[in-house]
Amino acid sequence: MAAATDTPSALDLAAARRERSPWGDAWNQLIKNRLAIASLVYIIVLTLMSIFANSVAPFKYDRTILSDTATCSYLPIPFICPGGTVAPSGTKYMFGADELGRDILSRTIYGGQVSLAVGLVGAFVSMVLGMVYGLIAGYGSQRLDNIMMRLVDFLYAMPILIFIILLQVFFKAKARQLGNVQNFEFPHWFVYGILAAALVCIIGGILAGKYYGLGVSAFLIGLGVFALILAGMLIALTLAIGGSPWASLIAIDNAMGGMFFLFIALGFLNWLGMARLTRGQVLSFKKKEFIEAAHMVGSSDTRIIFRHLLPNVLGPCIVAETLAIPGYIALEAFLSFIGLGINPPRPSWGNMISTGYPHLRSNAHILVLPAVALTLTILAFNFLGDGLRDAFDPRLRE
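Quick note: to get our numbering, add 3 to the position in the sequence shown (first position is 1).
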């Protein structure tokens, strides 16, 4: 009789265990970390303010009133501008204005768009490239792994920061040289090179499937398709603006306020650490029993990678990229501070700090707000990354 009463409870316990997932356990662990949740709330609020900056900000970021410079540009707290024309009470700029009469609060809100976009897009690009590269290197043959990781070692030996600065200098010089992009003529080798690379990748992917497996084949074919799409977009833009492929890239960068080349410089040059992390995770899981069992039942390489390896590798990669986002934001601020980032007058926290730095002694309020926003955002992503790292650690789960 006792056995009959114990059986349902045992079944219920087994069902409860089956309903639990690693992601659910990680979330339950994360919500216990108050600092991480507070950081997540801050990031969400900042993201919403940046997305809806046109509605949230009191003024446009490029609204310049030179008459305000003599009356309320350099006011300390409480930043009251007597005789202001916006509010009857005389309060015009809550946090003051810069030397051109531009509202600091509005420019700080719009600057959040740049910092978040660079941080999130740069982290996403490097995560995708690094994970794809690391999955192929770790899951492929030992010879392929040695070749791919020696390339990573070679790239690691390069001074990435200096290379990024030189790349930005080249892009800025090319943009100044272009002037009017519609009247600039440049050889079309860039698009032709992309088309040739796409053809090589597709043919190589078809041939590689026989020797290196489906994973390498799918990666090369996907890379070739991506190159074809990129080349098609450049051709369409070239025809649309009547210029050349390089002029099209400059036009895209100008339309994005200088962020396009920044995405390229940051995202495509910072995937090496993610590749190493992914490759190490894949090597540690590749000899596990559940992977061997999948091979024994005849599962394809694609199913093993996406069904078994990727879900187990994704958690540590998300944690690593979350902790890397502050580095992207700080690097963008540094590049903008030295004049190699976002194109003025579009604000970023880096160029706002650069603008306020000469007035540090007499009118420090010009750089206080963007500096505080930059510091809080970097701290928030660090705290959230630490919380995610603890949440995905099975040793800390109850």
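Glycine residues also receive a C-beta, built at the ideal position from the N, C-alpha and C atoms.
Within 8 Å, strictly: CB atoms of residue i and residue j
i, j, result
"Lys289", "Gly141", "yes"
"Phe166", "Leu275", "no"
"Leu338", "Gln116", "no"
"Ala120", "Gly390", "no"
"Ala60", "Tyr113", "yes"
"Ile328", "Gly122", "yes"
"Ile294", "Ile332", "no"
"Ile46", "Phe395", "no"
"Gly388", "Ala29", "no"
"Leu138", "Val322", "no"
"Ala230", "Val155", "no"
Rounded C-alpha distance that separates residue i from residue j
i, j, result
"Leu136", "Val44", "According to the sequence shown, residue 136 is Tyr rather than Leu. For Tyr136 and Val44, the distance between alpha carbons rounds to 33 Å."
"Gly87", "Ala100", "Legend: pLDDT at Gly87 = 38, less than 50; position of this residue unreliable, no value from coordinates given."
"Met130", "Thr281", "10 Å"
"Leu132", "Asn366", "44 Å"
"His368", "Gly359", "8 Å"
"Ser118", "Val203", "36 Å"
"Ala374", "Met151", "41 Å"
"Gly344", "Leu372", "19 Å"
"Ser351", "Ala336", "7 Å"
"Ala56", "Phe157", "43 Å"
"Ala176", "Leu33", "46 Å"
"Ala296", "Ile308", "14 Å"
"Ser303", "Ser144", "16 Å"
"Thr74", "Tyr64", "Only weak support exists for where Thr74 lies, its pLDDT of 44 falling under 50; the value from the coordinates is given anyway. Distance between the alpha carbons of Thr74 and Tyr64 is about 19 Å."
"Trp313", "Phe174", "Inspection of the sequence shows that residue 313 is occupied by Leu rather than by Trp. Approximately 36 Å between the Cα atoms of the pair."
"Leu16", "Arg392", "The predicted position of Leu16 is uncertain, since its pLDDT is 48 and thus under 50; no value can be drawn from it."
"Ile168", "Arg306", "41 Å"
"Phe386", "Leu49", "15 Å"
"Asn31", "Met134", "26 Å"
"Gly283", "Phe62", "49 Å"
"Thr325", "Phe127", "10 Å"
"Gly27", "Ala41", "19 Å"
"Met52", "Ser58", "9 Å"
"Pro347", "Phe340", "12 Å"
"Lys35", "Ser287", "29 Å"
"Phe98", "Leu370", "10 Å"
"Ile107", "Ala376", "12 Å"
"Gly353", "Pro162", "22 Å"
"Leu164", "Gly342", "15 Å"
"Glu102", "Gly207", "57 Å"
"Ile54", "Leu147", "43 Å"
Supposed contact pair residue j and residue i - C-beta distance, whole angstroms, cut 8 Å
i, j, result
"Arg110", "Met355", "6 Å"
"Phe264", "Gly125", "Between Gly125 and Phe264 the Cβ distance is about 12 Å, and since that is not below 8 Å, they are no contact."
"Leu334", "Leu269", "6 Å"
Simplified DSSP assignment, three categories, for residue i
i, result
"Ala100", "strand"
"Asp304", "helix"
"Asp106", "strand"
"Pro81", "Below a pLDDT of 50, predicted positions are generally treated as unreliable, and Pro81, at 40, falls in that range; the measurement from the model is reported next regardless. Looking at Pro81 - three-state DSSP - the assignment turns out to be coil, as it is neither helix nor strand."
"Ala90", "Confidence is the limiting factor: at Ala90 the pLDDT is only 34, short of 50, which leaves the residue's position unreliable, though a coordinate-based value still follows. In the structure shown, Ala90 sits in coil (DSSP, three-state: anything other than H, G, I, E or B)."
"Phe384", "helix"
"Ile341", "coil"
"Lys291", "coil"
"Pro348", "coil"
"Trp274", "coil"
"Pro314", "helix"
"Tyr64", "coil"
"Arg279", "helix"
"Arg392", "helix"
"Asn354", "helix"
"Met161", "coil"
"Ala367", "coil"
"Asn36", "coil"
"Ser144", "coil"
"Phe173", "helix"
"Phe55", "coil"
"Ala73", "Caution is warranted here: a pLDDT of 41 is assigned to Ala73, below 50, making its placement in the model unreliable, and no coordinate value can be reported."
"Phe187", "Here the model assigns Phe187 a pLDDT of 38, short of 50, so the residue's position is not dependable, and the following value carries that caveat. In this structure, Phe187 counts as coil in the three-state DSSP scheme."
beta-carbon residue i near the ligand PLP non-hydrogen atom, thresh 7 Å
i, result
"Pro361", "Annotation note on the ligand PLP: not contained in the displayed structure, which lists no ligands."
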